[in-house]
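For our numbering, count along the sequence shown from 1 and bump the result up by 2.
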Amino acid sequence: MRIPTCQYRCGPCHAIAPTFEALSKQYTNVNFFKCDVDAAKDVASLYRVSAMPTFIFLKGSTKVDQVRGADRATLESTVRRHAGGSSGSSSSAFSGRGQTLGGAQAPVDLTKEATETLNKAASRVTNLDSQAGVFLALVAAYLVFWYVSS
């Protein structure tokens, strides 16, 4: 995934825009995004953008590389390096299986892990000492009466 922080009123951004568009069409396995740093100051701050254009390369949510300026050759080689050198294929920094909404069920190991976590949390609640149980019951009763009276 790439987030170029690019404002189209800046000259270098206009100059690099066709290259950016061409790369986004060539490397279909990579997500290309544009970000207006004036509208998204938090993004600019997070990735320490101090010049435009700046191209941020992310793997998941981790920054793996950055290109500053409208240098076509550097941008192209950096995209090629992180995309594994071949357009349209999935490899290198952008490899992996994704999940789709409404797709197949979660892998069994994830389901098992979630079930174990819930069971641990439930056992902590059921293994409370009697004083803590009485306290929680009183708090719950107070909240119910407060809700009903309002």
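Glycine included, C-beta positions come from ideal geometry on N, C-alpha and C.
Partner residues in the beta bridge of aspartate 67, as assigned by DSSP, are Phe59.
When the Cα atoms are used, aspartate 67 and alanine 46 turn out to be separated by approximately 15 Å.
At least 7 Å separates the beta-carbon of leucine 25 from that of valine 69. Counting only runs of 4 or more residues that sit fully inside the region 9–33, the alpha helix (DSSP H) segments are 13–28, in chain order. The three-state secondary structure of tyrosine 49, taken from DSSP, is coil.
Assignment of aspartate 44 by DSSP, reduced to helix, strand and coil, places it in the helix class. Following the DSSP letters along the chain, one finds serine 152 in no alpha helix (DSSP H), marked with neither H nor E.
Setting aside the 5 residues that flank it on each side, glutamate 78 is surrounded in the same chain by Thr21, Leu25, each with a C-beta closer than 8 Å to its C-beta; the list follows chain order.
DSSP places alanine 72 outside any alpha helix (DSSP H), giving it a letter other than H or E. The residue among Tyr49, Thr76, Met54, Val150 with its C-alpha nearest the C-alpha of serine 63 is Tyr49. Assignment of alanine 139 by DSSP, reduced to helix, strand and coil, places it in the helix class. Judged by DSSP in its simplified three-state form, alanine 123 adopts helix. With contacts defined by Cβ atoms closer than 7 Å, alanine 72 and alanine 17 form a contacting pair. Here DSSP, grouped into helix, strand and coil, assigns alanine 85 to coil.
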